[in-house]
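Residue numbers (the UniProt record's numbering): 1 to 629.
Here's what the structure looks like:
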């Protein structure tokens with residue numbers, strides 16, 4: 001009797017909880033409230049709950065037993081009404097899989113691999129100067145040395161800063177990736193300087209109000225730290241009158257050729273405050289002008305130190321390391337002139353119980369419908385109450401806009417698992433006839449040959465489900481299933497992160513998602529842009545190939561298999577290419593240079609006179625070539 005009353009009370013309480021859940025539609029909340037009131041009436045409510053229980057038992061006894069994941073999802077609501085919350089049990093089981101990280105390991109990659117900001121720095125840097133018609137190429141050639149000097153400032157103490165102003169320059173609301181990078185740049189700066197007050201401004205062309213409601217929502221969706229104030233750049237002279245310790249400008253995909261324009265607009269050109277510019281594009285040669293130094297004549301033997309004044313040497317070195325007036329430039333991406341990749345620290349430092357994935361992060365999904373749909377795959381369709389979860393291989397396809405023949409390769413790799421395979425497809429649309437593709441039909445036959453007994457495709461949208469495919473491939477006693485779940489709801493950044501950390505294989509359609517895949521750890525990764533365009537000129541693809549070749553060397557030495565090689569690539573990229581290290585070093589360098597101007601001379605002398613002998617000789621030779629001498 002006590003158990004019956006407890007079940008009745010739980011059902012009534014659940015109705016009232018949902019009645020005040022403001023994420024549900026208004027009509028649904030009214031319905032839940034009315035049901036809660038009716039079922040809460042003594043005797044009458046007991047009878048109604050009892051009838052519901054009898055109906056659920058009847059369905060369980062006489063309706064065909066669930067076989068597919070979509071069947072399990074359909075039964076979960078009825079089971080919950082009967083007092084059997086299977087999803088809550090799965091959530092608690094998965095949470096126990098999360099591994100603990102010791103405090104001293106919290107800053108490591110996935111709690112295991114130390115971050116290595118000097119990983120890409122060679123013992124000796126070679127300054128290669130080619131006889132080009134533009135001596136401005138010297139600015140790019142000097143990039144490796146400039147980066148090496150900057151990274152050395154990581155050993156300097158972190159300065160105390162009170163105010164930092166960050167500007168998103170001419171942000172395009174249709175470029176969501178730019179807003180994601182800007183939010184991560186702000187968050188990383190706030191993490192480095194938690195006591196500093198950070199204000200974010202957005203600029204827009206044509207005098208438009210840049211910090212409007214749409215852009216504020218974009219920044220919020222990109223998980224901008226709520227501690228950071230979002231202000232409008234175009235409102236009065238507030239920004240012009242502002243003073244701070246450091247200015248930071250994010251240019252996104254815009255050209256960085258006119259870096260001083262913002263300083264001039266803000267009337268800040270004459271101030272001593274350091275500026276740090278961050279952009280996606282590589283540095284333009286037009287940023288450097290060495291023409292004044294090309295006109296200097298050599299004195300004496302070129303092997304000897306030049307007889308130029310210390311001021312002239314100082315000016316040359318300042319031109320090599322700065323762009324414009326006290327402006328440092330960081331370019332996102334791979335390469336000698338690049339400074340690394342903006343990463344999500346919640347991915348980088350997340351512990352992974354299985355080495356490259358951890359299903360416990362599915363318990364953190366914010367969308368309850370999406371969570372229920374995916375977690376249903378862990379339940380045994382023939383014994384929903386079993387405490388033993390089914391082993392599954394979870395895989396993710398994100399932002400894929402068309403089904404391609406090459407996708408078959410991704411599916412084929414997933415089907416090699418000895419477990420049930422679940423593929424979640426988010427933010428994607430493949431049209432209506434992709435299932436008729438010959439490659440996909442061939443893949444279905446491959447599944448049958450590999451011993452899969454069930455194939456299931458269904459779409460999920462706002463707590464509703466549409467089953468597109470329920471196919472029994474064979475009557476194998478193994479009962480291994482391959483399930484595809486299309487999530488038609490928009491997925492938050494937090495849920496995407498959880499899916500990344502829980503997935504073994506991933507296919508994505510954008511480079512920005514590729515970065516998140518690497519930092520999440522992944523054994524099987526494909527990028528749709530590589531499949532469709534195969535752009536050898538694309539910097540990401542070329543550098544990705546270089547990393548692959550490096551892995552092959554390690555594979556020969558350490559006998560790594562294919563999955564281990566991919567995991568090695570993920571971990572090495574995350575440990576060595578984190579933009580946070582370059583940002584930290586750039587802020588320290590800029591601040592300490594502004595407070596101690598003599599540091600510029602110390603840097604130059606540390607590099608040695610021979611370097612500047614060579615640079616001056618190169619510039620003078622270039623001038624002679626231009627003159628036709």
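All C-beta atoms, glycine included, are put in the ideal place defined by N, C-alpha and C.
>> With a threshold of 6 Å on Cβ separation, who are the neighbours of residue 580 within its own chain once the five nearest residues in sequence on each side are excluded?
In response: To locate residue 580, count along the chain shown from 1; it is residue 580. Only 188 meet the Cβ criterion.
> Using the C-alpha atoms, what's the distance from residue 10 back to residue 368?
Replying inline: Position 368 of the chain shown, counted from the start, is the residue given in the question as residue 368. Position 10 of the chain shown, counted from the start, is the residue given in the question as residue 10. Cα to Cα, residue 368 sits roughly 19 Å from residue 10.
>> Let me make sure I understand the geometry here. Which of 359, 379, 479, 430 has the alpha-carbon closest to that of residue 418?
In response: For the purposes of this step, residue 418 is taken as the residue at position 418 of the chain shown. Looking at the Cα atoms, 479 is the closest of the given residues.
>> Excluding the 5 residues flanking residue 631 on each side, which residues of the same chain have their C-beta closer than 6 Å to its C-beta?
In response: Since the first and last residues shown for the chain are 1 and 629, residue 631 lies out of range.
>> Tell me the rounded alpha-carbon separation between residue 330 and residue 95.
In response: The residue you call residue 330 lines up with position 330 of the chain shown. The residue you call residue 95 lines up with position 95 of the chain shown. The alpha-carbon atoms of residue 330 and residue 95 are separated by roughly 40 Å.
> CA-CA distance, residue 175 and residue 201?
Replying inline: Locating residue 175 in the chain shown gives position 175, where the first residue counts as 1. Locating residue 201 in the chain shown gives position 201, where the first residue counts as 1. Each residue's alpha carbon lies about 17 Å from the other.
>> Closest to residue 588 by C-alpha separation, out of 12, 13, 246, 389, would be which residue?
In response: Numbered from its first residue, the chain shown carries residue 588 at position 588. Of the listed residues, the one whose Cα sits closest to residue 588 is 246.
>> Give me, in chain order, the residues of the same chain whose beta-carbon lies closer than 7 Å to that of residue 537; leave out the 5 immediate sequence neighbours on both sides.
In response: Start at 1 with the first residue of the chain shown, and residue 537 comes out as number 537. Because the pLDDT at residue 537 is just 39, under 50, the model does not fix this residue reliably, and the point stays unresolved.
>> Rounded to the nearest angstrom, what separates residue 415 and residue 35 at their Cα positions?
In response: Position 415 of the chain shown, counted from the first residue, corresponds to residue 415. Position 35 of the chain shown, counted from the first residue, corresponds to residue 35. When rounded, the distance between both Cα atoms is 45 Å.
> Would you say residue 395 and residue 465 are within 8 Å of each other, going by their C-beta atoms?
Replying inline: For the purposes of this step, residue 395 is identified with residue 395 of the chain shown, where counting begins at 1. For the purposes of this step, residue 465 is identified with residue 465 of the chain shown, where counting begins at 1. For residue 395 and residue 465, no; Cβs fall outside 8 Å.
> Quick one: what's got a C-beta closer than 7 Å to residue 230's C-beta in the same chain, skipping five residues either side?
Replying inline: For this step, residue 230 is matched to residue 230 along the chain shown. Here the set comprises 200, 211, 216, 219.
>> Using only the alpha-carbon positions, how far apart do residue 430 and residue 578 sit?
In response: In the chain shown, counting from the first residue as 1, residue 430 sits at position 430. In the chain shown, counting from the first residue as 1, residue 578 sits at position 578. Spanning the two alpha carbons is a distance of roughly 34 Å.
>> Less than 8 Å between the beta carbons of residue 421 and residue 486, yes or no?
In response: By 1-based counting over the chain shown, the position of residue 421 is 421. By 1-based counting over the chain shown, the position of residue 486 is 486. Contact flag unset, no.
> Looking at C-beta atoms only, is the number of pairs between the region 67-75 and the region 376-395 that lie closer than 8 Å three or more?
Replying inline: yes
> When we look at the beta-carbon of residue 442 and count the other beta-carbons within 10 Å, is it buried (16 or more) or exposed?
Replying inline: Numbered from its first residue, the chain shown carries residue 442 at position 442. Looking at its Cβ environment, which holds fewer than 16 other Cβ atoms inside 10 Å, residue 442 is exposed.
> So residue 276 and residue 328 are in contact, right, with Cβ under 8 Å, and what is the actual spacing, rounded?
Replying inline: As a position in the chain shown, residue 276 is number 276, starting the count at 1. As a position in the chain shown, residue 328 is number 328, starting the count at 1. Right, their Cβ atoms sit about 5 Å apart.
> Distance, Cα to Cα, residue 568 vs residue 598?
Replying inline: The residue labelled residue 568 in the question sits at position 568 within the chain shown. The residue labelled residue 598 in the question sits at position 598 within the chain shown. The straight-line gap separating the alpha-carbon atoms of residue 568 and residue 598 is approximately 42 Å.
> Measuring CB to CB, does residue 575 end up less than 8 Å from residue 151?
Replying inline: In the chain shown, residue 575 corresponds to position 575, counting from 1. In the chain shown, residue 151 corresponds to position 151, counting from 1. No, the Cβ-Cβ distance between residue 575 and residue 151 is not below 8 Å.
> Where residue 354 and residue 387 are concerned, what is the direct C-alpha to C-alpha distance, given to the nearest angstrom?
Replying inline: Taking the first residue of the chain shown as 1, we reach residue 354 at position 354. Taking the first residue of the chain shown as 1, we reach residue 387 at position 387. When rounded, the distance between both Cα atoms is 21 Å.
> What is the C-beta distance between residue 498 and residue 361, in whole angstroms, given that I count them as a contact (C-beta under 8 Å)?
Replying inline: Along the chain shown, read from residue 1 onward, the residue named residue 498 stands at position 498. Along the chain shown, read from residue 1 onward, the residue named residue 361 stands at position 361. The pair is a contact, with the Cβ atoms about 4 Å apart (cut-off 8 Å).
>> According to DSSP, simplified to helix, strand and coil, what is residue 430?
In response: By 1-based counting over the chain shown, the position of residue 430 is 430. In the structure shown, residue 430 sits in coil (DSSP, three-state: anything other than H, G, I, E or B).
> What are the boundary residues of the alpha helix (DSSP H) that includes residue 372?
Replying inline: Within the chain shown, residue 372 is the residue found at index 372, counting from 1. It spans 368-375 - the alpha helix (DSSP H) in which residue 372 sits, taken as one unbroken run.
> Which parts of the UniProt domain "DUF575" (19-118) are runs of the alpha helix (DSSP H), unbroken and 4 residues or longer, counting only runs that do not cross its ends?
Replying inline: Those alpha helix (DSSP H) runs which fall completely within the UniProt domain "DUF575" (19-118) and span 4+ residues are 26-39, 44-62, 69-81, 86-95.
> Under a three-way DSSP split, which group does residue 530 fall into?
Replying inline: Taking the first residue of the chain shown as position 1, residue 530 is located at position 530. At residue 530, the pLDDT of 47 sits below 50, so the modelled position is not reliable; the number obtained from the coordinates is stated separately. Residue state, collapsed to three classes: helix.
> In terms of residues, what are the limits of the alpha helix (DSSP H) holding residue 145?
Replying inline: One-based indexing of the chain shown puts residue 145 at position 145. Residue 145 -> alpha helix (DSSP H) spans 143-152.
>> Residues in the same chain with beta-carbon distance under 7 Å from residue 87, minus the five sequence neighbours each way, listed in chain order, please.
In response: For the purposes of this step, residue 87 is taken as residue 87 along the chain shown, with counting starting at 1. Result list for residue 87: 76, 372, 375, in chain order.
> Start and end of the alpha helix (DSSP H) containing residue 317?
Replying inline: Walking along the chain shown from the start, residue 317 turns up at place 317. Where residue 317 is concerned, the enclosing alpha helix (DSSP H) stretches over 310-321.
> Is any heavy atom in the ligand ADP found nearer than 7 Å to the beta carbon of residue 605?
Replying inline: Ligands displayed in this structure: none; no statement on the ligand ADP is therefore possible.
>> Let me confirm a value: residue 156 is counted as buried when at least 16 other C-beta atoms fall within 10 Å, else exposed. Which label applies?
In response: Along the chain shown, one-based indexing puts residue 156 at 156. Answer is exposed; the Cβ neighbour count stays below 16.
>> DSSP three-state label for residue 536, please.
In response: For the purposes of this step, residue 536 is taken as residue 536 along the chain shown, with counting starting at 1. With a pLDDT of 39 at residue 536, under the threshold of 50, the modelled position of that residue is not reliable, and the figure given next carries that caveat. Three-state result, residue 536: coil.
> What does a CB cutoff of less than 7 Å around residue 222 pick up in its chain, not counting 5 residues either side in sequence?
Replying inline: Mapped onto the chain shown, residue 222 falls at position 222. Hits under 7 Å: 179, 180, 183, 493.
> Alpha carbon to alpha carbon, what distance is there between residue 80 and residue 42?
Replying inline: Numbered from 1 along the chain shown, position 42 holds the residue referred to as residue 42. Numbered from 1 along the chain shown, position 80 holds the residue referred to as residue 80. Approximately 21 Å, taken between the alpha carbons.
> Who are the Cβ neighbours of residue 162 in its own chain at under 7 Å, not counting the five residues just before and after it?
Replying inline: The residue labelled residue 162 in the question sits at position 162 within the chain shown. Cβ within range, chain order: 196, 197, 245.
> Does DSSP classify residue 418 as helix, strand or coil?
Replying inline: As a first step, residue 418 must be located in the chain shown, where it is residue number 418. Of the three classes helix, strand and coil, the one that applies to residue 418 here is coil, per DSSP.
> Pick from 484, 389, 450: whose alpha carbon is nearest that of residue 435?
Replying inline: For this step, residue 435 is matched to residue 435 along the chain shown. Per the Cα distances, 484.
>> With a threshold of 7 Å on Cβ separation, who are the neighbours of residue 447 within its own chain once the five nearest residues in sequence on each side are excluded?
In response: One-based indexing of the chain shown puts residue 447 at position 447. Answer for residue 447: 415, 455, 473, 482, listed in chain order.
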